[in-house]
Each structure stands twice: as C-alpha cells, then as structure tokens.
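Colleague: One structure is given below, represented as structure tokens, and several questions about it will come after.
Written out as structure tokens, the structure is:
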C-alpha cells in the first residue's frame, strides 16, 4: 500500500495545505474555550455502511498538528464497516483533535466514499477476467488519495497522469492524420517502458490500431455488439478497455464479451462520501 | 464575484499544483503527436442540463499553460445550460488545449455540479426568508472553488474556516462546563468583529445560549416541532440555523417555521459533477 | 493562546523563512570557530523594563535548528520584566544557539516591544468599558506574531484580514453611491457570520449607518464633542469604535464618552523593540 | 539600486505572501460593494515630513494584483517629502487599488520611516569620514526591504547575513580560547573573499586582533576616551567600527575620533513609520 | 520537444530556484557599476565542438529576470556546433544579461555536454536496431533537463522515476523469494499501463523472467557470450536491455548480438560540459 | 563543516525536492514486492578509489523517508576510500532503503567525484602558498553540496554567489568606462565588508587596479611570463588569483610564480562521479 516509506513525501504537503486552508491563523473557538494544553481522546464513529479507506491519512492529519498523536485502530482499509461501528480511537492534545477534526474527516469520508462506490462495481465483476479501472477525472489535488481509494475498493489504476502513460485520442489522431501515423510517432517519441494505448470509435480504427501495434485499445462509446466484434478482431493481440458511461445494467453484457478493463470516471468524480464523525471527546 | 482582482492570488497556486499533479514532466502523448507549436481552437460542450460555475477557472488553467489563450464565452456563471449547448470556444496553442483539458474540466465539472445541486435546493426556498448555507465539509484544497460554486447556485456561505468564525459545538460546551461559560469565554477571547454561534440540541440549551447572548443559534438534529418551539423562544433575539440531513421533504416544514438558515454539507461533499467535454478541436 | 495545537502550522514556515534569510548557506563565523557539535547553554537577559511576549516563538526558532533544544522559562508571556532579569535559559547545540540567536531575538524583541507599548495604553483604559484594538497596519509577514503580541499586552484584535471582516470606508461608500446602499450590498454578499462595520465621518453618516443596520460604526477623526453626540445618537444600537491618532491626552476624554473600542495602528507600526540579549554562553 | 533586474526575483515571493496574509480568500468588502471590474485611480498622499523609500515596492504590490497597473511618480526614493505632497498617482482596476492598499502602504510607510530615521543620523555625519551602518537587527522577512531603505537614507549596509560575512563576537572568542586563535580559524575556514571582523571590548583585545590580522575591529561599548586610544593603536591597519547605543549626543565626539563606521540597530528595529495614505479614489 | 506548452510548468520553478541560489539579495557588482536600467545585447559564443541542447532553457533564464528579453537563434537543439560559432544573440536589460549569465550558461553547458556525449555513443549505434538509453543516475533536481539533453543527443529515455516504471532488481527478487513471485506481485499491483522489467544476472533468471511474462529483461553485467545466449533464449518474447559499464569497445559486439537497448548512466552522471561563453556585451 | 546546526535548513528542501523528482506518487516496484513495513539493512560499497564527501547528505536522504534511520559509518568525509571498502551500513525500513537508494547515491557519488577531482589538484599544490579555488560554475541547485565537496577535497571556496562577493569583469569595466571608475563605484556601493576583486587581462589593467585599491586581482588568461610580471608589480599590495583552463602541466610554473589562488571551474562542472553502490540488502 502506498502509505509505506515514500508516502508522506507527497501526502504531507497536501495535508498541511488543507489544514492551512481551514486554519489561516488559529482555531478561535477551540482556543477560546480551552486556554491550556490538555490531552484527550475521541472516537471515530461510522454512521452508514460502506468500505473504509484512508485511515492512515486520517491519523496523519492529527500527527501534523501534534506529533504525539496515538491511534487505536479497529478496522483497516478495505474493511466493510457498518453504522455504529467505532472505527478508531484517537488520543492527542484536545486542541489538535478539535482543530484537525474537519480536515481529517473530509479526507477519510471522501476516500471511503470512493472505496465504497468502487467496491459495489468491482464486486459485480468478480469471477470474470474483466477489471475495473479509474480515470484521470479526479478532484484537483486529490489524485493520490482518490486513486488509492479506488485500489482499496477493489479497482485498478489506469495511468497516473499525462507524463507516465500514453493515450491517443480522437483529437490526437486527427492532428496526426490517422491512427497509424499517430502510433508510429508515439513509438518513436515516448520512453520505451510505456505502453501505447489508442482510443478507437469504430472497427476500422480498431483494425488500424492493431496493424500499427498498439498495446492497448480503448473501445470508446461502442454498443455491445460492436464491442463484441472488436474483441474478436483483436483476439488477444492487444489489451482491451471500454469506457463511456457503463451503467450497472450493461456490465453483465460487457463481462460476457471478455473485455479486459472497464474504466469508470464516476468512481472519483461522482461518489457520495461515507458518513463518519468524531464522537465522545473526553479530556484525559 | 471573487474572480476579481485578488482572485488569482489564491487560485493560481492551486491551479498550478493541479496541473503539475497531471503533468509531472511533459504530456508525452501530445508532444509525441505534435512536435511543433501551432494554434488551435476547441469547443466546450455541455452534455447534460445544469448550472454553470467556474468558467473563469476553466479559462485560467489554459492561461497558465499559454498566456495568449483567448476565450469566447457564450454563457456565464449562474446560467442554466443544456445538453448540446456550446458554452465557450477556447483558442490557444494546441498543446495547451490538449494538456490542460482534463484539469480545466475537472474544476469546471465539479464546480458546475455543486452549483446545479445548490440551485435545486435554493430554488425550493424561494419566496421564503430562509436561506441555504454551505459548511466546511468541502474537498481538501478545493474550498475557494466549492464555496464560490455554492454562491453561484444561489446558496450563501457560512464561515470560511476555523480562524474567521466561531461555532461552539457540544464538545466545546462539555469542555467548558456549560453553554454560558463557553459563550463568555468566546466573547472574551475572539475578535469583536466575530459573531458567536452555538450549537443547541435541546430547548434548555437554546435558553442558555439566549441568556448568554449568542448571536446565532444552530438547532442541531431537532425534530420539526422542537425546532418550531425553539424559534418561538428565540423570537428574533438571535439568528437561527438548522442542520442535520435536511432532506427535500422536510424543507417545506422548516421553511414554514421561519428559520433563518438551513446548512447542508452535501452541497460540497456529495454532488455529482456536471458532464462537460471539449470537442471539435481544430488547428488554425 | 495561539501557541496551542495549530500554531506551528502557520508560524513554522515564517520562522524557517526568517532563518533562511539570515543563513543562506551556513553560519561561517560559528562554523569556523567550532568545528564539531557540542552542547551549550545561554541566558536570555532583559535589558530594560517591559512586557514579554513571544517566548514560544523564541524557543521554536532554536528547535527548528536543533530538535533537542530545551528551555527553562522563568517568565511567561504577559509578565512584566525588568532590566537584568534572566528570562530563560536555552540549552542546545552551540551552533544552534549562535546561529539562531539573532532571528530568535528579532522576533522576541519586536513582539515584546509591541506588548509593552500596548500595555501602556490598555492600562490607561482599565476600569472603563472601552477596549483597545489593533489594526491591519502590521509589518508584512508578521501579522500573526504582532496581533498575538497585542493580545498579550492587554489589547484586543480587530479583523485579521480582508477576507474575514467587513469594513466599509469612504471610498467604498463613494463607489456604492451612499452609506445605505453600501451596507445593503454587504449584507447581501458577505457570509452571514460577518458583522458589518462602517466608517462614519459625520453625524449624518452615523444616522444613515444606523438606519441601514450597521453592526459597528467607526467614528473616524471626529472631535471629542462630535464623537459624544454620535455615541448618544447610536445609543447602543451598534457597537462604536473610534480611530485616528488617539494620543494619550485624549484617551481620558474618549473613555468618558463611553465609546466601545479605540483602535490604534501605532501599536504594530511604530513600537520600539524591547532590549533583550543572549548572554553567558557556556559549553556543557 | 536593487530594484534592477534581479529585484523581483527575491521580492515578489515576499510581496505575494504579504498579500495572502491580508487576503486569504477574497476582499469581501470591496467585492460586495463593486461587483464588476472597473478602472480607477488614486493618489498617494504624504501626511508628514520625511524621506521616501520603496516606491517601486509600493507599485509592485498593485502589479501583482493587476498586471496593467500604471503609476505616475512625482517623487523618487531618497527625496525629501512633505505633508500634503502627492507622491504618486496609481491607476489600476479599482479592486486591485482597494485590496492592495494596506499591504502597499505597510511596506512603503515602514521603508520610508527607516529612510527618514537613517537620514537624520547620516546627515549628522556629513563632512566627516565616518559612515553609518545598519545591522542584522531587522524585522524577520523584511531584510531586503529594510537594508535597502537604510541605503536610501544615506546609510551603508553591514553584512547581509551569517553566510556572507564574518563577525567574531565574545562568545566565539571564549569558545575558541582567545582572539588570536579565533581569527586564525576564521582565516583558514572562510572563503578568502570575506573580510574578518572581530569585536573588541578592551584595548588588549584590540592589540590581539591587530596582531592576528583582523580586517575590521568593532569597538564594542567603549567609552569615548578608550575608543580614541583604540583608534590610535589601530592606526589604519584595520577598519574601525563602533556600536552600542550611540545616541545623538555622542556622535560628534565619535566623529572627532576618526572612527570609520558607526553601526546602529535602531535604524531597522525601532523606527517610526512615515504617515502616508491613499486618497481621492475615483472610478475612470 | 518538451519545451512545448507544459514545459514552463515544471522548469520555471527550478530555474527561479537556481537564480535565487546565485542571487540571494542582488547582484552587487552589476548594480554597483550600472545604476540605471539600460538595454544591451550579448553574443553566445561556442568555444569547442559539440552538440547544442537547451537553448530554450538558456533563454528562459533571462526572461525570468526581464520579460522583454529577445533572442536571435542561429543554431537549434541537436545541431552540431563548432568552436567560434555565434550560437545566439540575446537582447535584454543589461542587468538581466549580467546577472543571469552564469545560471543560463550553467544549464546550457551541462545540457550540451550531455547531448555531445550521448551523440558520440548513439552515432556508434546507427544502422543497428540497438538504441541507447539513459538511467535515473541524473543530477538531483536536474532530471527534466538532463533526460531532455539525452534525447537531443539521439538517445532514448528509460523510465522517468520510481512512480512511472517498474524495474525489479536483485534485492526485490530476494525479498520476494524469486523472480516468478516478484513478477506476479508486480502484475497484480502496478497500473496495467506499465510494462514489467526485470534484472537478470544469469540465464536461469532470464528463463524464469520469460516464464513469468516479463515485458523487458535487463541483462545485468553479463559477458558478451552469455548475453548472446540470453538474447537467443528470449527470442523476441521480451524486449532486451543491457547495462553495466558498456565501454566503447564492447559496443560493436553487443550490437551484433541484436540487443534492443543499451543503458548508460555515464551520459548523465559523468559528462563534461560544453564550453560556451557570453561575449561582446554592448549597451544599445 | 556545514553539516552542523544550520545545515538542514537549506539542504532539506533540496533533498525533499530531489526525492519528489524520483517519486511523484509512490515507488511502485518496491510497494508491489513488499506490501508491509519491515526493517532492513544495506551496505554502502565503494567500487573505485577516491575521496568520500557527503556521507551526511547520503544519510539525510533516508532520514527524510524514515526518521528512524540509523547508520554505522566506517569512513568520514575527506577519507581516501578504495574499491571494495564498505563505507557504511544503513538500517531503516526496507521501503525507505529501496526508494531512497538512487537519490542518496546520486548526491554522494557526485560529491565524492568532486572531492576526488579536487584532491588530485590540491595535492599538487601542497608545500606551496598557492591555494585551489572553486567557481560559480556549479550545477544548478547543487551549489551548497558542490562547494562543500570542494572543501572536503582540499580546495577553498570563492564567493558563494552574486550577492556576497564583488568580481568586476571586462564587461563591467567597459560599461563603467575604465578600471578605476569601476572600482570606485564598487567601493561606494557595496557593503564595506566585501573585498573588491577585479579581472585584469593586461599589465596595464593590473596597474590601474592597484592604483584604484583593488583587494584582489584576477589574472585572466595570461601566459606564464606575463603572470610573473604581474605578481611582481602587485608585490603583495593585493591578493592574486589566476584562472583560465589551468591544466596540470602549467600548475608547477604557476606555483613557482607565487600566485595566491588558482580557480578552476572544472572541479564542479566536469568531474566524474565516484562509483558507489548499495549492496547486500537484508531484511532484519
């Protein structure tokens, strides 16, 4: 999991920035009520059923406010959690608990919401060879958190950004003057460790992509029948991905076709949060 | 609107950071396909009905990649837009258009989604004195964009963060030893330009808050009848806000009570995006 | 006090930046003289009478250079200190002590100077209902430190910045076309948790501000008699603030009028520092 | 002057940071009153006699908010200005004028205050060979502005920071075990382009510093007679600097001795600001 | 080329930082000599034969100091340049020219040195199918510039960093307990757009890597004969890369084997710079 | 040494940035292979003879990934190391070891390469009064590391940057209209703690520089005979430096002349790295 060694490297700056977004000077309410440092503990309580993701981020927010923060964890990322469950108990300076609460929850709730949404779809793919992918339709400055949450929910990550993956779309093809020349230019230009993915909107484009040696062919907004014929034409010579508003109903059809990947932007751009809250704070 | 003078001051850093999240080195696909600079234009097309918000952010993303970006705008923030509408035409270096597309849309789609969601609720409040408020349950590092979108959708902003507003919650009250002492401490500590808001879960707490001189009383998770009695007790001596999963059905009841404000976290934490895309790119 | 949980969040970046301003590469004098790490202690000595403010900032500067820094504190923020008093003893790596000395003192001396200045005026207001306020006339990038020092000296903070408080000045009124319309626009636009303050230069403007429902009226550069009539006219319907070079002599008059607040820019823009130094460094 | 080519390199970050300190989200008052962009102009008016310093910084603040800012300047840095003088007229978007006003003035007033203070002392040294120096007792994160203001006021800059100059103080001497060994270590360690300055509190220390080949000897807190004998002993073999609360009265005595430099921390740590304001804003 | 749209996005921060490394306050020599702004031009002169790379970076350094910088370019990236050639003429404020000279040259000389070194090896591979690769052995905070220079010199880029490419080395294999399990874990974990590369030190490891379905096999420190047998065993089922101090003499042997890629760390870690200088500055 | 107190102040930001350059999201290979935290140790092995420099930087890279990193050091900066020597053993989380390896080595190898190169020349100067200097021809954003490595190798540092040293070159002299006026302007403008260095290309320019009171005269590209006459003319009235492609052969001649300093850009711009690697990683 990417909470290992290098994680804070990239996450800490974003978490600090989020804390500063919420505290530009001081937490005036908390500081007004409690004038001195004192240690306290608080429960993280689940208020609806779902899948938890991001508990290390949640903890890290408090650590950035109080390095002596401790947390007892009763559930782990990927676990199914239910309304009423106490997920963790955080112990820290009371000011850190109160000042960090909203930011820590904003991360955890959103990440858990994405994991919950992802799980509901990835479960439907179980038993098939088809895997669920995310996209780059993430919330700005949230990508490392949201793509992690997709993995927790049983999904797989597509490319992380424009620098580390090739995806030739219709506009690129037009600009290049055809599928073949576009793929050739990509093969010449991009680091050899990259696979070349091409978006195809018709069987003819699939054929050209195959000829030019694409590694992955994305079947874009095809109806189920066309998609089936495309997969037959490709016949294992490239990996296949389909995208474009794949609703629950069509998933079974698509799985039946033997497509390798379904990508779904809604995982990250249109999930509900998972309702969680901090309860029963007590000074110790 | 906050796209005026000082806006770039705070927005630019976040937009740059989002662009760097998506482009850590270069856009290898676009640079592979098009080796030289050339100017192009592309249409921003609406794919479902809603309310647009954030068109200046959308443009700013491209400007940060190419300072000569121009945009013809056919709709403005707050306008109702429909599926098929061309909202704007952006003209810039083709590389800027292709490399900035996803980031620009990620902002605009999310902001428009929030405005659309907000509008659907704020419209229901029209004709009454009750106003719709957002909360601090925003996506980390998206607050200035999300709170702006709420305003575009006809909502009003609650406090921006922990430094610029006072909201005494149950935990604060416990820590202080009562509503009265908590309010007194706040009045003594916080800058006099701040109003003092207190969360009340019972009529008794409402009574104490009134006595201690709270400026705003938040009626937290009360049933409609209790809320009604609370408003009568307050009788204009403090502003009133209610929160806690106010679903569409209860809105009419609450409006009837004459509450001043309804706050709704879902506006920012659980809106769907508005589906938009860039189409018909052409080199010019 | 705002040295609680969230303090380092905002202060650390500024302190680091100040250290880097003073050490762009290394402290060549100290490193030349002492080639190896060794622990030492040094006294913080007071050289004139005043009020101390910022001892936690002072310590934090050394901690940022040496995380094992320890400090014995003999006086606390707000205490009156006298020439010759040893205020604290700092123990750390000698290099940290010597390299951090100037930056730590630059903060502590300036903050203590402001607290001392503030105390001299706030003491004159004791026994009255009138309170002393600071302004936004702070040294750039020093606001959180300077506003804190004002509180330590017995003053109160006005709004922190342009985002978290409303103050309608003459230019705003001109632009809007009158006091009334300006206040109406503010009430419509700004978050409801904000109070609306208006600057009034005449009794007529006071009258209009009252009618439009201003929360606070600032009596700007009025003579004592006019100010008295303004306070009578307002009669508790708004809070009152006066500003404009309130010298020591006029304070008694103004207090007699029953004004709520006196704001004073000189607290932060024209205070002398309090003379302090580090003495008797010894290697241990 | 350091407003040349490289200036923005270091100043812009600090100015942006100061603007963000004052505008964490938006200028709610100005944006409430004026909803649309419009161009305006405003006068920079002087309210007391002094020396102006920092007019380019003043302008730069507005430019950072509105790149189309224009300024007509009627006085230049170093000019004597009088109460009532219009120093400049700034033309820009009205929102930029109102939102940037306080930050621009906070810089200009402080810098002009330092220049005014410096001028009053440097004028007293005119006709002599003795020059006035600043110190590192500057306000944190203001050094480039404050040291520039000292030059504008006719003073000279001492070392900029701990990395670019050597000053061996009593604590260094103690740690090294003597003046001679301290100087030797410095000569061995520090880049050869640096001069070696030593603080001497007695004639014996002056003698040792001379023998060890110090480039500059600072006569620290000596009475006038001892200082005279020190200068005679040095006899041009090193430059001489004196420091330590040199009040106006002693300046004549010290000048008579023929000391090369007088350093004065108060120039930067205890100057009053120069009173300036923005007046007569008009929409154009 | 990556000087297109998104380039400044990542380069500008690094260039600004390099300028600040060289100018912490002001360029005191230049500012001393020339007190007023004036425009000038200077020639970029080549002093030894080689390949130019980075001319846009060179120009950008001056633009960051003076946005009105203009440059006439007589050679382009990838061109062979000779001693005495005038490569470009830069026109800008003289202060910008003098203050930016060293930083601009430090980039251009290093990048051109790398391109020259790369060209000398890539030329030796011409006519064969074997391509020359760089590595991650770049100078810290110089990677985007150094990898670009490799491309200019006719080399190809390997993965950009640890996030965007998989390379399983001996330590990973040990930790996993074998080649096969290591590859399986990678296939399960890493985004599907990534190829899986494995380092093999023996024919047995090559066999296992093939079986487990590695996309690329790096033949590490093998003698030519073993490498030959490895390529035969692989037989096109994976791409092949060899590394490990490939000196000029062995290149012909390796090319004969039909290896796909040779990677060479020295391109970026041990190239000499190309000698260039700014000459004949004149004020205009 | 500058790894003392203030070192991390400036180094940490650069090291973090270098780590982020290599890890934009996560180390996918390592995280794929090892899913849980576990502690390990690894040897730092030397693969060719040279001088080690930067072992504290090497360690610091791992500490920034894992604050519990420990290191047993068997050699120190400045020590001669030989092929096969184990220089240190690092113990930390295995993920930190694997993810930080390349960045840590990139620093240490480059710094050691510079120290090795420097040592080879500074050894040739032993027994003479002539010292070896570095220049500002450093790799961008590597200056503090490269200049430190020069010192470790027995060299001395010239000025650190354009703000802390004066060096009047031919272009400055032309612009000023002569050596004398250039030196006068510098003496008037620059802080008095700075020495004035002038570049002289002829004996006539040496004479003028002497007359105008230059502190250091750089003899630029002179033949040995002219250099000899210049040193005789200067006769100890200024320090002497020579530069301009001083190859090994000429060093003896120049030393014989009695020049004070030889500056050599190649130390930092054209050194080979020292070959080092991490070996024998084991989980503990």
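Protein chains in written order, with our numbering: chain D, 1 to 284; chain V, 285 to 568; chain B, 569 to 852; chain W, 853 to 1136; chain X, 1137 to 1420; chain H, 1421 to 1704. Every residue gets a Cβ at the ideal spot worked out from N, C-alpha and C, and that includes glycine. Keep in mind the model is a prediction, meaning the values are calculated, not measured.
(1) Which residues in chain W have a C-beta closer than 7 Å to the C-beta of residue 428 of chain V? List them in chain order.
(2) Give the DSSP-derived three-state secondary structure of residue 1599 of chain H in the structure shown.
(3) Starting from residue 1000 of chain W, follow the beta strand (DSSP E) in both directions and report where the run begins and ends.
(4) For residue 446 of chain V, does the three-state DSSP call read helix, strand or coil?
(5) From what residue to what residue does the alpha helix (DSSP H) around residue 63 of chain D run?
(6) With a threshold of 7 Å on Cβ separation, who are the neighbours of residue 1427 of chain X within its own chain once the five nearest residues in sequence on each side are excluded?
(7) Using 8 Å as the Cβ pair cut-off and three pairs as the minimum, do the region 744 to 760 of chain B and the region 718 to 730 of chain B touch?
(8) Tell me the rounded alpha-carbon separation between residue 119 of chain D and residue 52 of chain D.
(9) Note the first and the last residue of the continuous beta strand (DSSP E) segment covering residue 87 of chain D.
(10) Closer than 9 Å by beta-carbon distance: list the chain X residues that pair up with residue 1012 of chain W, in chain order.
(11) Touch check for the region 944 to 961 of chain W and the region 912 to 923 of chain W: three-plus C-beta pairs under 8 Å?
(12) If you follow the alpha helix (DSSP H) that residue 1703 of chain H is part of, which residue opens it and which one closes it?
(13) Could you pull out every residue in the same chain whose Cβ sits closer than 8 Å to the Cβ of residue 130 of chain D, ignoring the five residues on either side in sequence?
(14) Specify the secondary structure class of residue 1249 of chain X as computed by DSSP and reduced to three states.
(15) Under a Cβ-count criterion, where at least 16 other Cβ atoms within 10 Å of its own Cβ denotes burial, should residue 1083 of chain W be classed as buried or exposed?
(16) Note down, in chain order, every chain W residue with its Cβ under 7 Å from the Cβ of residue 1156 of chain X.
(17) Report the rounded CA-to-CA distance for residue 735 of chain B versus residue 338 of chain V, giving the unit in angstroms.
(18) Straight-line CA distance for residue 1545 of chain H to residue 1440 of chain H?
(19) Thinking residue 1272 of chain X and residue 1442 of chain H are a contact (beta carbons under 8 Å), I'd like their distance in whole angstroms, please.
(20) Confirm, please, whether the CB-CB distance from residue 684 of chain B to residue 842 of chain B is below 8 Å.
(21) Which same chain residues, not among the five before or five after residue 1402 of chain X, have their C-beta less than 6 Å away from its C-beta?
(22) Let me know if residue 1662 of chain H comes out buried or exposed under the rule of 16 or more other beta-carbons within 10 Å of its beta-carbon.
(23) In chain order, what residues of the same chain lie with their CB nearer than 7 Å to the CB of residue 298 of chain V, ignoring the 5 residues before and after it?
(24) Under 8 Å, Cβ to Cβ, is there at least one residue of chain H near residue 1342 of chain X?
(25) Ordered along the chain, which non-local residues of its own chain (more than five positions away) have a Cβ less than 7 Å from that of residue 428 of chain V?
(26) Taking its Cβ as the centre, do 16 or more other Cβ atoms sit within 10 Å of residue 890 of chain W, making it buried, or is it exposed?
(27) Is the shortest distance between the beta-carbon of residue 1485 of chain H and the beta-carbons of chain D less than 8 Å?
(28) Between the region 47 to 73 of chain D and chain V, which residues of the former have a C-beta closer than 9 Å to a C-beta of the latter?
(29) Specify, as a first and last residue, the run of the alpha helix (DSSP H) that residue 524 of chain V falls within.
(30) Assuming residue 82 of chain D and residue 49 of chain D are in contact, meaning their beta carbons sit under 8 Å apart, how far apart are those beta carbons, in whole angstroms?
(31) Could you list the residues in the region 215 to 238 of chain D with a C-beta less than 8 Å from some C-beta on chain X, going in chain order?
(32) Interface residues of chain X around residue 191 of chain D at Cβ under 8 Å?
(33) On the premise that residue 1062 of chain W lies in contact with residue 1089 of chain W, defined as a C-beta separation below 8 Å, what is that separation, rounded to the nearest angstrom?
(34) Is the Cβ-Cβ distance between residue 614 of chain B and residue 645 of chain B less than 8 Å?
(35) For residue 33 of chain D, report the span of its alpha helix (DSSP H) as first-last.
Modeller: Result, derived from the coordinates:
(1) Against residue 428 of chain V, the close residues of chain W are 877, in the order they occur along the chain (beta-carbon pairs closer than 7 Å).
(2) Look at residue 1599 of chain H here: in three-state DSSP terms it is helix.
(3) Where residue 1000 of chain W is concerned, there is no enclosing beta strand (DSSP E), although the alpha helix (DSSP H) it sits in stretches over 995 to 1004.
(4) Coil, per DSSP.
(5) Element bounds for residue 63 of chain D: 55 to 65.
(6) Residue 1427 of chain X lies beyond the residue range present for chain X, which begins at 1137 and ends at 1420; the question has no answer from this structure.
(7) Contact between the region 744 to 760 of chain B and the region 718 to 730 of chain B is absent, because fewer than three Cβ pairs lie under 8 Å.
(8) Taking the straight line joining both Cα atoms gives about 11 Å.
(9) Unbroken beta strand (DSSP E) run through residue 87 of chain D: 86 to 93.
(10) Under a criterion of Cβ atoms nearer than 9 Å, the residues of chain X adjacent to residue 1012 of chain W are, in order, 1160, 1161.
(11) Yes, since at least three Cβ pairs between the region 944 to 961 of chain W and the region 912 to 923 of chain W fall closer than 8 Å, the two stretches touch.
(12) Not the alpha helix (DSSP H): residue 1703 of chain H falls in the beta strand (DSSP E), residues 1696 to 1703.
(13) The residues 254, 255, 258, 259, 260, 261, 262, in chain order, have a CB closer than 8 Å to that of residue 130 of chain D in the same chain once the five nearest residues on each side in sequence are set aside.
(14) Here residue 1249 of chain X sits in helix by DSSP.
(15) Burial call: buried.
(16) Residues of chain W with a Cβ closer than 7 Å to the Cβ of residue 1156 of chain X are, in chain order, 861, 862.
(17) Spanning the two alpha carbons is a distance of roughly 27 Å.
(18) Going from the Cα of residue 1545 of chain H to the Cα of residue 1440 of chain H covers about 41 Å.
(19) The pair is a contact, with the Cβ atoms about 7 Å apart (cut-off 8 Å).
(20) Yes, the Cβ-Cβ distance between residue 842 of chain B and residue 684 of chain B is below 8 Å.
(21) Cβ-Cβ distances below 6 Å link residue 1402 of chain X to nothing in the same chain once the five nearest sequence neighbours on each side are left out.
(22) Result: buried.
(23) Once the five neighbours on either side are set aside, the close Cβ partners of residue 298 of chain V are 425.
(24) No, residue 1342 of chain X lies away from the interface with chain H (no Cβ there is under 8 Å from its Cβ).
(25) Its chain contains 294, 295 as the residues whose beta carbon lies nearer than 7 Å to that of residue 428 of chain V, once the 5 sequence neighbours on both sides are disregarded; these appear in chain order.
(26) Residue 890 of chain W is exposed by the Cβ-count criterion.
(27) Residue 1485 of chain H has a beta carbon lying within less than 8 Å of a beta carbon in chain D.
(28) Against chain V - using a Cβ distance shorter than 9 Å - the region 47 to 73 of chain D contributes no residues.
(29) First-last for residue 524 of chain V: 523 to 527, but that is the beta strand (DSSP E), not the alpha helix (DSSP H).
(30) Indeed they touch by this definition, with Cβ atoms about 5 Å apart.
(31) Using a CB distance below 8 Å, the part of the region 215 to 238 of chain D facing chain X consists of 216, ordered along the chain.
(32) By Cβ distance, chain X contributes 1292, 1293, 1294, 1295, 1296, 1301.
(33) 6 Å between Cβ atoms; contact.
(34) Result no, Cβ atoms of residue 614 of chain B and residue 645 of chain B do not sit closer than 8 Å.
(35) Residue 33 of chain D -> alpha helix (DSSP H) spans 28 to 33.
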